[in-house]
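Undergrad:
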Amino acid sequence: MKYIAFAAAMAASPALADQAVSINFAGEIAGKPFSCAETFEGIGAKATAVRGIDYRVFVSGAALIRADGTAQPIALEQDGKWQLDDLALLDFEDGSGGCSTGTAETNTALRGTVPEGEYVGLAFNLAVPFDKNHGDPTLAAAPLNTTAMFWNWQGGYRFVRIDMVPVDKAADGPKGWFLHLGSTMCPAASKTEAPTAECKNPNHLPVSFAAFDPATNAVVIDPAAVVAEADMTVNAAETSPGCMSFPGDADCTTVMSKLGVPYGDIPAGAQQLVSKR
Amino acid sequence: MRRLALWAGRIGVAGLVLATPMTLAAEPYSWPIPAWMPAPPVPDDNRMSTGKVELGRHLFYDARLSADGTVACVSCHVQERAFTDGREVPVGINGTLGIRNAPGLANVGYLPLLTWANPHMSSLEFQALIPLFGDNPDEMGNNGQEAAMFARLAADPYYQTAFSAAFPDHATPDLFTVTRALAAFQRSLISVDSAYDRFKRWGEKDALSEAAKRGEQLFFDHRFECYHCHSGIHFSDNLQTSRSAFAEKGFHNTGLYNIDGAGAYPANNTGLMELTGDPADMGKFRTPSLRNVALTAPYFHDGSAETLTEVLEHYRAGGRSLADGPHAGNGAQSPLRDGLIVGNSATEAEVADIIAFLESLTDPGFITNPAYGDPWPADHPAVVKRVLP
Chain A
144 MKYIAFAAAM AASPALADQA VSINFAGEIA GKPFSCAETF EGIGAKATAV
194 RGIDYRVFVS GAALIRADGT AQPIALEQDG KWQLDDLALL DFEDGSGGCS
244 TGTAETNTAL RGTVPEGEYV GLAFNLAVPF DKNHGDPTLA AAPLNTTAMF
294 WNWQGGYRFV RIDMVPVDKA ADGPKGWFLH LGSTMCPAAS KTEAPTAECK
344 NPNHLPVSFA AFDPATNAVV IDPAAVVAEA DMTVNAAETS PGCMSFPGDA
394 DCTTVMSKLG VPYGDIPAGA QQLVSKR
Chain B
669 MRRLALWAGR IGVAGLVLAT PMTLAAEPYS WPIPAWMPAP PVPDDNRMST
719 GKVELGRHLF YDARLSADGT VACVSCHVQE RAFTDGREVP VGINGTLGIR
769 NAPGLANVGY LPLLTWANPH MSSLEFQALI PLFGDNPDEM GNNGQEAAMF
819 ARLAADPYYQ TAFSAAFPDH ATPDLFTVTR ALAAFQRSLI SVDSAYDRFK
869 RWGEKDALSE AAKRGEQLFF DHRFECYHCH SGIHFSDNLQ TSRSAFAEKG
919 FHNTGLYNID GAGAYPANNT GLMELTGDPA DMGKFRTPSL RNVALTAPYF
969 HDGSAETLTE VLEHYRAGGR SLADGPHAGN GAQSPLRDGL IVGNSATEAE
1019 VADIIAFLES LTDPGFITNP AYGDPWPADH PAVVKRVLP
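Written out as structure tokens, the structure is:
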């Protein structure tokens, strides 16, 4: 009986055994912190100068890793705004300047708790999990009611939205090069109905660092290496501007493997979007 | 049946029109929205009440809000046209032409920013000051003459009880009460019962024609990219509900003009740049809602497209080319055109299907709902000199 009472007391006050954890993220382009006012030089196959007009990503399933390799999920603070269950929206744009579809608020860290203990690494997924990805966004709680991250019910959300615009645009060329990662080929009867089973291309982007100290390390997101072989000044006819994950887009052929996902016949490579420092 | 039961509640609200202002004061406000729809956000200093909405409706239709008694809000926002006026630009007092197309008011309470391109116009209360007191252009012509306007209202027997019913602690017509009542009425203008809503939200599979169903799939296809900007319950990337963590806004240059080859718009209509001063904001206008869009012609910020076919032709070309005149230029080549507008190869049949889908966004109940209609008898001083479009 004594033991049960003790266990109940522990369950009732888990805060006693928890420690706060904050995982800081840096959103960058070619090594420079993202800013709606900044110009980023030397992007893509033609070393194009671009401005950034949007920069947001979803992170889910974040966990700290113990020395024995076991994962301890981070219990995210439920702030009613950026973090919902184990999902968070990171937002590096502040709605200023060219970011005219953005929001003034930014969010650059995961905030939560883990049981007190020794942790050595970090893992997370740059994705919205399937069970949250195809619901009705008008009914969803924040941040899943953010229309800027929404495709349609069949496709779900954009996990990564990094919108770049060349400074010098050819008169007949595209006016922007947009990197959107999300699930494709989801089996649904209509573009506005949720799929009945997991998408053929979930396009989740799992990330893990065997060594990561939240006190001194930060996660760095940077699309420069991902688009290194893509030309920011062209867009394949009849396709989305830039690479939006959709099959059959010539603008994606050098890009998706560098996001760590397969694309048509092209196998997945090592992801080059996310690193740590 | 569940839909009918739910919407019966709206008829109940409309029925209250016959009640006296004093009894309305005690009525809690009930949003005319189905369960799936979050309510609009409401400012702390302007909570909704049935009495306030009713007062706002009377003010909305009252031409004594203009200096010469000819212009009411309805003079540019007519219910049958989903609260637009059918003109390229509105006509204010003394025949003064407006600068931008009168926007529709369906679901306007969900917009974090009002008007076409003003990043500071963040409440309906604030926005009401512009038609009332603006002098470039003159709309209702009260600049410097607010005392006379409030005196006209205060003399009317209806308002003598209606203001105290709506604002028990602040029972006179003045800047605070008039703007708040107008805002409360506009927040009550909810349109979520189109054929498309019945198809999508209520499972009425035969509510849409086959053409509209095909058009829906095209609208939400990345080949046309319509939904990148016309997204969400309002078909606009400008949205704020009572459940939103923050306001979402979206301004875009759609390549309507390219006067100088560098993306210039006509000098009197430069969009967001007019207020931000940032040259990169040239030609950026707020994405309009597409609800009831078939009723709100002409289109674009300056009313320069007469039909939806013309609008879709613009997007097919990825911009508008004007061969001659002072605004000549090829908008598709504008360096400022939004990158999401890429042009497309839509066939005539596909364009017809998309238009059928857009027509399915018309809400017949919205444009006939008596709760949104003119409350004044035809011979009342509020309306005897009123000009309608």
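Top to bottom, those sequences are chains A and B.
If you read the first sequence in the numbering used here, its first letter stands for residue 144, the second for the next number, and so on.
If you read the second sequence in the numbering used here, its first letter stands for residue 669, the second for the next number, and so on.
Backbone N, C-alpha and C define an ideal beta-carbon position, used for all residues, glycine too.
#1: What I want to know is whether the C-beta of B:F892 ends up closer than 6 Å to one or more non-hydrogen atoms of the ligand SAH.
#2: Would you call the region 891–905 of chain B and the region 286–296 of chain A in contact, with 3 or more CB pairs under 8 Å?
#3: Distance cutoff 7 Å, beta carbons only. Does A:P176 sit that close to anything in chain B?
#4: Hey, would you say A:V363 sits closer than 7 Å to A:R420, going by beta carbons?
#5: What do you get for A:K334, buried or exposed, if any count of 16 or more other CB atoms within 10 angstroms of its CB means buried?
#6: Checking contacts by CB at 7 Å: is A:P384 closer than that to chain B?
#7: Between B:F751 and B:L773, is the Cβ-Cβ spacing less than 7 Å?
#8: Using the Cα positions of B:K1053 and B:L797, report the straight-line distance between them to the nearest angstrom.
#9: Which bits of chain A does B:G871 rub up against, with CB to CB less than 8 Å?
#10: For a contact meaning CB atoms closer than 7 Å, what does A:L322 contact in chain B?
#11: Assuming A:I186 is part of the alpha helix (DSSP H), what are its boundary residues?
#12: Candidates B:Y895, B:A816, B:S791 and B:G918: which alpha carbon is nearest A:D237's?
#13: At 4 residues or longer, and completely inside the region 263–326 of chain A: list those alpha helix (DSSP H) runs for me, N to C.
#14: Can you pull the chain B neighbours of A:N344, defined as C-beta to C-beta under 7 Å?
#15: Of the residues B:A962, B:A973, B:A932 and B:Y1040, which one's Cα is nearest the Cα of B:I1065?
#16: Run the CB neighbour count on B:G951, radius 10 Å, all protein chains shown included, and call it buried at 16 or more, exposed below.
#17: How do the region 336–345 of chain A and the region 209–226 of chain A stand: do at least 3 beta-carbon pairs fall below 8 Å, yes or no?
#18: Could you check the C-alpha separation between B:L821 and B:N811 for me, to the nearest Å?
#19: As a quick exercise: from B:P702, B:A703, B:A707 and B:H920, pick the residue whose alpha carbon is nearest that of B:R911.
#20: Counting along the chain, where does the beta strand (DSSP E) carrying A:K334 start and finish?
#21: Which residues bound the alpha helix (DSSP H) around A:F352?
#22: Assuming contact is defined by CB atoms lying nearer than 7 Å, are B:A816 and B:G724 in contact in what I supplied?
#23: Quick one, are the C-beta atoms of A:F321 and A:P384 less than 7 Å apart?
#24: Who are the Cβ neighbours of B:P1043 in its own chain at under 8 Å, not counting the five residues just before and after it?
#25: Check whether the Cβ of A:E248 lies closer than 7 Å to any Cβ atom in chain B.
#26: Would B:I1009 and B:E748 qualify as a contact pair, given that the criterion is a beta-carbon distance under 7 Å?
#27: Could you name the residues of the same chain whose beta carbon sits closer than 6 Å to that of A:N268, not counting the 5 residues immediately before and after it, in chain order?
#28: Closer than 6 Å by C-beta to B:E893: which residues in its own chain qualify, once you throw out the five before and the five after it? Chain order, please.
#29: Return the residues of the region 995–1006 of chain B that lie within a Cβ-Cβ distance of less than 9 Å from chain A, sorted by chain order.
#30: How is B:H902 classed by DSSP in three states: helix, strand or coil?
#31: Answer yes or no: do B:G939 and B:A785 have a C-beta to C-beta separation smaller than 7 Å?
#32: When you compare the CB positions of A:I305 and A:P345, do they come within less than 7 Å of one another, or not?
#33: Give the secondary structure of B:G939 by DSSP, where H, G and I count as helix, E and B as strand, and everything else as coil.
#34: Under 7 Å Cβ to Cβ from B:E1018, same chain only, skipping five residues before and after it: list those, please.
#35: Does any residue of chain B have a CB that is nearer than 7 Å to the CB of A:N360?
TA: Answer, in terms of the structure:
#1: Although the ligand SAH was asked about, the structure shown includes no ligands whatsoever.
#2: Touching, yes.
#3: Within the first sequence, residue 176 of chain A is the residue found at index 33, counting from 1. The beta carbon of A:P176 does not come within 7 Å of any beta carbon belonging to chain B, so the residue lies off that interface.
#4: If you number the first sequence from 1, residue 363 of chain A lands on position 220. If you number the first sequence from 1, residue 420 of chain A lands on position 277. Yes, Cβ-Cβ distance for A:V363 and A:R420 is below 7 Å.
#5: Walking along the first sequence from the start, residue 334 of chain A turns up at place 191. Taking all protein chains in view, the Cβ of A:K334 is crowded by 16 or more other Cβ atoms within 10 Å, so the residue is classified as buried.
#6: Counting from one through the first sequence, the residue named residue 384 of chain A turns up at place 241. It does; some Cβ of chain B falls within 7 Å.
#7: For the purposes of this step, residue 751 of chain B is identified with residue 83 of the second sequence, where counting begins at 1. For the purposes of this step, residue 773 of chain B is identified with residue 105 of the second sequence, where counting begins at 1. For B:F751 and B:L773, yes; Cβs fall inside 7 Å.
#8: Counted from its first residue, the second sequence places residue 1053 of chain B at position 385. Counted from its first residue, the second sequence places residue 797 of chain B at position 129. About 22 Å.
#9: Along the second sequence, read from residue 1 onward, the residue named residue 871 of chain B stands at position 203. Near B:G871 there are no residues of chain A at all, since even the closest Cβ is about 11 Å away, more than 8 Å.
#10: Against the first sequence, residue 322 of chain A aligns to sequence position 179. What A:L322 touches in chain B: nothing, since even the nearest Cβ is about 12 Å away.
#11: Walking along the first sequence from the start, residue 186 of chain A turns up at place 43. It is not in any alpha helix (DSSP H) - A:I186 instead sits in the beta strand (DSSP E) that spans T182 to I186.
#12: What you label residue 237 of chain A is simply residue 94 of the first sequence in a count that begins at 1. Ranking B:Y895, B:A816, B:S791 and B:G918 by Cα distance to A:D237 puts B:G918 first.
#13: For the region 263–326 of chain A, whole alpha helix (DSSP H) runs of length 4 or above, ordered along the chain, are 273–276.
#14: Here residue 344 of chain A refers to the residue found at position 201 of the first sequence. For a Cβ distance threshold of 7 Å, nothing in chain B lies close to A:N344: the least Cβ distance comes to about 14 Å.
#15: For residue 1065 of chain B there is no data in the structure shown, the boundaries of chain B being 669 and 1057.
#16: Taking the first residue of the second sequence as position 1, residue 951 of chain B is located at position 283. By the 10 Å Cβ count, B:G951 comes out buried.
#17: Contact between the region 336–345 of chain A and the region 209–226 of chain A is absent, because fewer than three Cβ pairs lie under 8 Å.
#18: If you number the second sequence from 1, residue 821 of chain B lands on position 153. If you number the second sequence from 1, residue 811 of chain B lands on position 143. B:L821 and B:N811: Cα-Cα distance of roughly 16 Å.
#19: One-based indexing of the second sequence puts residue 911 of chain B at position 243. Taking B:R911 as reference, the option from B:P702, B:A703, B:A707 and B:H920 with the minimal CA-CA separation is B:A707.
#20: The residue labelled residue 334 of chain A in the question sits at position 191 within the first sequence. Taken as a continuous stretch (DSSP letters only), A:K334 belongs to no beta strand (DSSP E), as it is neither H nor E.
#21: For the purposes of this step, residue 352 of chain A is taken as the residue at position 209 of the first sequence. Secondary structure note for A:F352: it is in no alpha helix (DSSP H), and the uninterrupted beta strand (DSSP E) holding it is L348 to F352.
#22: On the second sequence, residue 816 of chain B is found 148 positions in, with the first residue counted as 1. On the second sequence, residue 724 of chain B is found 56 positions in, with the first residue counted as 1. In this structure, B:A816 lies away from B:G724, with their beta-carbon atoms at least 7 Å apart.
#23: Here residue 321 of chain A corresponds to residue number 178 of the first sequence, with the count starting at 1. Here residue 384 of chain A corresponds to residue number 241 of the first sequence, with the count starting at 1. Yes; because the gap between Cβ atoms is below 7 Å, this pair is in contact.
#24: Within the second sequence, numbered from 1, the residue matching residue 1043 of chain B stands at position 375. For B:P1043, where only same-chain residues beyond five positions count, the Cβ hits under 8 Å are V685, E722, R725, H726 and Y729.
#25: Here the question's residue 248 of chain A lines up with position 105 in the first sequence. Chain B contact via Cβ: present.
#26: Here residue 1009 of chain B is taken as the residue at index 341 of the second sequence, counted from 1. Here residue 748 of chain B is taken as the residue at index 80 of the second sequence, counted from 1. Going by C-beta atoms, B:I1009 is not nearer than 7 Å to B:E748.
#27: Translated into positions along the first sequence, residue 268 of chain A becomes position 125. So the list reads S203, G204, H347 and P349, once near-sequence residues are dropped.
#28: Within the second sequence, the letter at position 225 stands for residue 893 of chain B. Leaving aside the five residues that flank B:E893 on each side, the residues in its chain whose CB is nearer than 6 Å to its CB run, in chain order, L1008.
#29: Within the region 995–1006 of chain B, the residues whose Cβ lies closer than 9 Å to any Cβ of chain A are, in chain order, N998, A1000, Q1001, S1002, P1003, L1004, R1005 and D1006.
#30: Against the second sequence, residue 902 of chain B aligns to sequence position 234. Coil.
#31: Within the second sequence, the letter at position 271 stands for residue 939 of chain B. Within the second sequence, the letter at position 117 stands for residue 785 of chain B. For B:G939 and B:A785, yes; Cβs fall inside 7 Å.
#32: The count along the first sequence starts at 1 and reaches residue 305 of chain A at position 162. The count along the first sequence starts at 1 and reaches residue 345 of chain A at position 202. No; because the gap between Cβ atoms is not below 7 Å, this pair is not in contact.
#33: On the second sequence, residue 939 of chain B is found 271 positions in, with the first residue counted as 1. B:G939 falls in the strand class under three-state DSSP.
#34: Numbered from its first residue, the second sequence carries residue 1018 of chain B at position 350. Counting only Cβ-Cβ distances below 7 Å, and skipping sequence neighbours, we find L886.
#35: Translated into the one-based positions of the first sequence, residue 360 of chain A becomes position 217. No, its Cβ sits nowhere closer than 7 Å to a Cβ of chain B.
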